[in-house]
Structures are given as C-alpha cells and as structure tokens.
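Asks: Be aware that the sequence shown starts at 345, since it is given in our numbering, and climbs by one per residue.
The beta-carbon is built from N, C-alpha and C at its ideal position, and this holds for glycine as well.
Bear in mind that the values here come from a model prediction, so they are computed numbers and not experimental data.
Sharing a structure, written as structure tokens. Questions coming.
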Amino acid sequence: MQNIILATTPTIEGKQITNYHGVVSGEIITGINFVKDFFASIRNIVGGRTKSYEKELVEAREKALEELADRAVSVGANAVVGIDIDYEVLGQNNGMLMIIATGTAVTAV
C-alpha cells in the first residue's frame, strides 16, 4: 500500500488539511467458492466462526483500501479522511461479495 494516511475521522490529529482533492473510492467484487460455501453451511448448522469467510472478507477489505489509497495518490493526495466501508452480496445465490471504500482525498501537513 502507498505511504498514505487513511482515517475514518474527518480530521487527522496533529495535521492540517491544506487541500481537498475530492471523493475517491476503491471497489472489489470477489466470488465465494463452492468449497468455502459448503463448509460455511455446515458451520452454520453446528455453530461457530467461519474462518474461511472471515479471511476472504479481510483480504477483500484490504484490497479495497489499497485501491482507495492508489486513487488518492493519483490525484495528488497524501491522506484520505472520512473513510466509509460498505459490504454487499451480489449475484445469483448471493455468491459474490462487493466491498466499496470511499473517502475524501486530501493533502495534510
């Protein structure tokens, strides 16, 4: 990931925002494979955490944030504030996961 500050807050403590570059986003759509689906359905019956889905979710969120950071750098920003992350399931049988990270690209000094 780029050397960039990512924050869910509207400001960055100890920094002053000197320029706003606009809204940037990072989107990821990933498919959930059959094997993970099968074991998740068993876990749903017997209870407990589904590690394979959790790992998939973490990786997809990290990729969305990396894409967000790359887009911020491409418009001249060194930080993104006000980040919001949304999750949706898509596709036939809800077999795809979409993660969108949005925020405001800024220059902070």
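Give the range of the alpha helix (DSSP H) segment to which A413 is assigned.
Replies: Within the sequence shown, residue 413 is the residue found at index 69, counting from 1. Note, A413: alpha helix (DSSP H), K395 to S418.
Asks: Kindly indicate the opening and closing residues of the beta strand (DSSP E) around I427.
Replies: Counting from 1 along the sequence shown, the entry for residue 427 is found at position 83. A423 to L434 is the extent of the beta strand (DSSP E) around I427.
Asks: Compute the Euclidean distance between the alpha carbons of I373 and A404, then round it to the nearest angstrom.
Replies: On the sequence shown, position 29 is the one that residue 373 refers to. On the sequence shown, position 60 is the one that residue 404 refers to. Roughly 8 Å separates the two Cα atoms.
Asks: Could you give the distance in angstroms between the alpha-carbon of I444 and the alpha-carbon of T353?
Replies: In the sequence shown, residue 444 corresponds to position 100, counting from 1. In the sequence shown, residue 353 corresponds to position 9, counting from 1. So the alpha carbons of these two residues sit roughly 17 Å apart.
Asks: Find the nearest neighbour of N347 within the set G370, Q360, A423 and A449, judged by alpha-carbon distance.
Replies: Here residue 347 is taken as the residue at index 3 of the sequence shown, counted from 1. Measuring from the Cα of N347, the nearest candidate turns out to be A423.
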